[in-house]
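The block underneath contains the structure these notes are about, expressed in structure tokens.
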Amino acid sequence: MKSAKTYLEDANAIVPRISAQEAIAKHTAGGATFIDVRDSADIAKTGTIAGAHRIPRGFMEFAADPDMQFHNPVLQKDAALYLVCGAGGQAALAGKTLMDMGYSNVTNVGGIGDWKEAGGPTEE
1 MKSAKTYLED
11 ANAIVPRISA
21 QEAIAKHTAG
31 GATFIDVRDS
41 ADIAKTGTIA
51 GAHRIPRGFM
61 EFAADPDMQF
71 HNPVLQKDAA
81 LYLVCGAGGQ
91 AALAGKTLMD
101 MGYSNVTNVG
111 GIGDWKEAGG
121 PTEE
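Here the sequence shown is numbered in UniProt numbering, starting from 1 and rising by one per residue.
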């Protein structure tokens, strides 16, 4: 039987995580797709990364599957995808889901608090 801890350990073992400073550099350089995987209520409380797409973790499989009517075209199998959440856990789990679905360039940038603390650009 798997626990939440086991799921998180499995995700962290395969989804690379970078520091907020590294993520901000990727954001500034352009060409990367940032995705906030939190629900809209959490995003409304804290804001999100400037220009980030909003795809809740609970909807990720539907948005990521090109054969589904709910596919989000921002999700391309070879795109550089950078995921953010509240503290890094949901981003890791969503990242593992994407990797399981054939996405090859997925990175966890951790929590929005770290991003803001490091001076990353945000939007409401």
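Ideal Cβ placement from N, Cα and C applies to all residues, glycine included.
Treat the numbers as computed from the prediction; the structure is a model and nothing was measured.
- With respect to residue 32, residue 82 sits close: the two C-beta atoms are nearer than 8 Å.
- The distance from the Cβ of residue 71 to that of residue 63 is about 6 Å, consistent with a contact at the 8 Å cut-off.
- In the three-state scheme derived from DSSP, where H, G and I count as helix and E and B as strand, residue 14 is classed as helix.
- Spatial neighbours of residue 78 in its own chain (CB-CB distance under 7 Å, excluding positions within 5 residues in sequence) are listed in chain order as 104, 105.
- For the 8 Å CB-CB criterion, residue 23 and residue 109 form a contact.
- For residue 82, the three-state secondary structure derived from DSSP is strand.
- Distance from the CA of residue 41 to the CA of residue 93, rounded to the nearest whole angstrom, comes to 19 Å.
- The Cβ-Cβ distance between residue 28 and residue 122 does not fall below 8 Å.
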